[in-house]
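In the UniProt record's numbering, the protein residues as written are 1 to 130.
Shown next, in structure tokens, is the structure this report addresses.
As structure tokens, this is what we get:
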């Protein structure tokens, strides 16, 4: 049995397969999954699971070097933005949402949540633990 809080086998497998600089996306219910990127669909209904619960859990297992958010997040969902910033995820970058969607095409995996808050999406780039 795993010791970390992350129990989802598909997410654990995706993280274990990542190399330095590889990316994984955590998206809200509306973010389109890019063609060819494996989707781990966790969405059950509106808000379940929520974006922050998934992000916090993934962060227990993934060494993050940097992350990307949509520029629109601060204006459209300021409370969510504040919650993300409070986690102190390293290396913040911002892109306009259309460019953010293009960047998701490079991800090793796409995790879909049930979140319905505008721009509740993040791209996490893996770091190294040594």
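Cβ atoms here follow ideal geometry from the backbone N, Cα and C, with glycine treated the same way.
- Put simply, the backbone Cα of residue 54 is about 17 angstroms away from that of residue 3.
- Residue 80 sits in a helix when the DSSP states are folded into three classes.
- A residue is called buried once 16 or more other Cβ atoms fall within 10 Å of its Cβ, and residue 14 is buried on that count.
- Beta-bridge partners of residue 93 (DSSP): 68.
- The shortest C-alpha to C-alpha distance from residue 126 to any of 61, 21, 9 is the one to 21.
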